[in-house]
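Okay, structure first, notes after.
Number of protein chains: 2
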Amino acid sequence: MMFEALRKYINQYTSSEISEGAFDTVSKSFTPKHLLKRQFLLQAGDVCKYTAFIVKGAMRQYSLVNGVENIVYFGIENWWMSDRESFTMLTPSQFNIDALEDCDLLLITHDKVQLLKESVPQWNKMAAQMDHRHSIAMQKRIHDAISLTAEDRFLNLIKSNPEFMQRFPQNMIASYLGITPESLSRIRKKLAKK
Amino acid sequence: MMFEALRKYINQYTSSEISEGAFDTVSKSFTPKHLLKRQFLLQAGDVCKYTAFIVKGAMRQYSLVNGVENIVYFGIENWWMSDRESFTMLTPSQFNIDALEDCDLLLITHDKVQLLKESVPQWNKMAAQMDHRHSIAMQKRIHDAISLTAEDRFLNLIKSNPEFMQRFPQNMIASYLGITPESLSRIRKKLAKK
DNA sequence: CGATTCTTTGAAAACAGTCAATCTGTGTGG
DNA sequence: CCACACAGATTGACTGTTTTCAAAGAATCG
């Protein structure tokens, strides 16, 4: 069942199991949503009204700069998807978020997130840890981006997220790495020779 | 006085002014520290024991990969400096943090941060907002890194942090942008022609 | 099967990196 | 106060990597 994935997720981040009552409050704050492949959760210019918890499926967040897609983020099961800036500031987003596979999602608005932070301590703790982990992960990616060659960034990605290789087409992996699909194809060719 | 900068900072992030008692608890958790230019707050291999609030001065966080410095982060007045990963996980850091100018800092340990989160609601709120803002800023930088040319990244930096230009030498700006000092010099030359 | 999308390959051009030399400005010690 | 050393910035020539554009091969899906 959809909400069980969320319960498991929350329990991972807190020392003690969340109580039935608290979890009830949490789950009431979410709306289930099914997205078909290629459907959008967010389109550039709109405000990101929802943060999605991915129960099943895969998504991406990307900008479109004169015809070129730049993927900043992939999401799979048990990950959160949203444009944090737009979601919290209620400003129009420059990003698109769409489904790369059919998805089962749980959606929550910013208001509800705030309410849960105040009323469910375990949620508050989890949310803080999430932000914290997210910013650590982002910092790693920045370091990779400025200090490693495209080849090393690719090798790092294989190590850290091998599942991405099976799941996403190469042109999207290339976009995520900040290179062209042609370059990635050549890097793979070169690596295969070893 | 050193702590006044911190009080101002906290009040910026909370709707109501922090009480004297609460601020007392906060300020007791910090240790003032003066760092001379070129002195280290953190050296690679060590655990990042402190997060520093910069009252005065400027710092940088960088890795050293076979002789090349890669600056991931600059800090100036009213910014926080620390390797978040090492600081929270208590793992050895791969980064160095040193002073680019003589600095007045306020240092706090991870234990104290946790205590303040539990005992001072305003601190807790501020800390959560800080993390949140930080991860938004990091996401922007990733987007820049993967989707913009070096020239556009440089122009963006001038817009978002013009003070960096006056304050830091060009070779460090180059490192922050992920290019060589020579490349940045040529980019500047090209831009000057317009 | 045909259509579409994804990947690979090739050749040329644009871009960024390396190495070495020169130039500029700053600060220190004689 | 000058001369010198030093760090940072610029320039040139060269090399290497990545992009671009175009075309040809796979793979996938209806």
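Chains A and B are the protein sequences, given in the same order. Counting in the numbering used here, the first sequence runs from 1 upward without gaps. Counting in the numbering used here, the second sequence runs from 1 upward without gaps. The C-beta atom is built at its ideal place from N, Cα and C for all residues, glycine as well.
If you follow the alpha helix (DSSP H) that residue i is part of, which residue opens it and which one closes it?
{"i": "residue 32/A", "result": "Segment 31-35 is the beta strand (DSSP E) holding residue 32/A; no alpha helix (DSSP H) there."}
{"i": "residue 164/A", "result": "162-167"}
{"i": "residue 119/A", "result": "110-119"}
{"i": "residue 47/A", "result": "Careful: residue 47/A lies outside any alpha helix (DSSP H) and carries neither H nor E."}
{"i": "residue 173/A", "result": "170-177"}
{"i": "residue 89/A", "result": "84-89"}
{"i": "residue 2/B", "result": "2-13"}
{"i": "residue 24/A", "result": "20-28"}
{"i": "residue 190/B", "result": "181-192"}
Does the CB of residue i have a neighbour CB from chain A at under 8 angstroms?
{"i": "residue 139/B", "result": "yes"}
{"i": "residue 145/B", "result": "yes"}
{"i": "residue 70/B", "result": "yes"}
{"i": "residue 84/B", "result": "yes"}
{"i": "residue 88/B", "result": "yes"}
{"i": "residue 65/B", "result": "yes"}
{"i": "residue 132/B", "result": "yes"}
{"i": "residue 128/B", "result": "yes"}
{"i": "residue 158/B", "result": "no"}
{"i": "residue 142/B", "result": "yes"}
Beta-carbon within less than 7 angstroms of residue i's beta-carbon, same chain only, minus the 5 sequence neighbours each way: which residues are those?
{"i": "residue 43/B", "result": "96"}
{"i": "residue 14/B", "result": "122, 125 and 126"}
{"i": "residue 119/B", "result": "25"}
{"i": "residue 134/A", "result": "none"}
{"i": "residue 22/A", "result": "120 and 122"}
{"i": "residue 88/B", "result": "110"}
If I'm right that residue i touches residue j with Cβ under 8 angstroms, what's the distance once you round it to whole angstroms?
{"i": "residue 108/B", "j": "residue 81/B", "result": "Not confirmed; about 11 angstroms, so no contact."}
{"i": "residue 196/A", "j": "residue 100/A", "result": "The displayed coordinates of chain A run from 1 to 194. Any statement about residue 196/A would go beyond what the structure contains."}
{"i": "residue 11/B", "j": "residue 4/B", "result": "Their Cβ separation, rounded to whole angstroms, is 11 angstroms, which puts residue 11/B and residue 4/B out of contact at 8 angstroms."}
{"i": "residue 70/B", "j": "residue 143/A", "result": "7 angstroms"}
{"i": "residue 37/A", "j": "residue 102/A", "result": "6 angstroms"}
{"i": "residue 170/B", "j": "residue 185/B", "result": "7 angstroms"}
{"i": "residue 145/B", "j": "residue 146/A", "result": "7 angstroms"}
{"i": "residue 166/B", "j": "residue 98/B", "result": "That pair is no contact at about 20 angstroms."}
{"i": "residue 128/A", "j": "residue 192/B", "result": "Not a contact, Cβ separation roughly 46 angstroms."}
If I follow the unbroken beta strand (DSSP E) through residue i, where does it start and stop?
{"i": "residue 231/B", "result": "The requested residue 231/B does not occur in the structure, where chain B is confined to residues 1 to 194."}
{"i": "residue 56/A", "result": "50-56"}
{"i": "residue 42/A", "result": "40-42"}
{"i": "residue 96/A", "result": "96-99"}
{"i": "residue 64/B", "result": "59-65"}
Tell me which same chain residues have a C-beta within less than 8 angstroms of the C-beta of residue i, skipping the five on either side of it?
{"i": "residue 2/A", "result": "32, 55, 104 and 106"}
{"i": "residue 6/B", "result": "26, 27, 30, 53, 55 and 106"}
{"i": "residue 132/A", "result": "none"}
{"i": "residue 163/A", "result": "76"}
{"i": "residue 34/A", "result": "102, 103, 104 and 105"}
{"i": "residue 148/B", "result": "156"}
{"i": "residue 111/A", "result": "none"}
For residue i, which residues in the same chain have their Cβ closer than 6 angstroms to its Cβ, ignoring the five residues on either side in sequence?
{"i": "residue 73/A", "result": "61"}
{"i": "residue 90/B", "result": "47"}
{"i": "residue 83/A", "result": "48, 93 and 95"}
{"i": "residue 63/A", "result": "70, 94 and 95"}
{"i": "residue 86/A", "result": "47, 48 and 93"}
{"i": "residue 9/B", "result": "78"}
Shorter than 8 angstroms from the beta carbon of residue i to some beta carbon of chain B?
{"i": "residue 21/A", "result": "no"}
{"i": "residue 45/A", "result": "no"}
{"i": "residue 14/A", "result": "no"}
{"i": "residue 178/A", "result": "yes"}
{"i": "residue 196/A", "result": "The question about residue 196/A has no answer, for chain A in this structure spans 1 to 194."}
Tell me whether residue i counts as near the ligand ZN, meaning its Cβ is closer than 7 angstroms to at least one heavy atom of that ligand.
{"i": "residue 181/B", "result": "Because no ligand of any kind appears in the structure shown, any question about the ligand ZN cannot be addressed here."}
Touch check for the region 108-126 of chain A and the region 25-45 of chain A: three-plus C-beta pairs under 8 angstroms?
Taking 8 angstroms as the limit for Cβ pairs, the verdict is that the region 25-45 of chain A does touch the region 108-126 of chain A.
Measuring CB atoms only, is the region 177-184 of chain A touching the region 146-163 of chain A, in the sense that at least three cross pairs come out at less than 8 angstroms?
With the cut-off at 8 angstroms, the region 177-184 of chain A and the region 146-163 of chain A touch.
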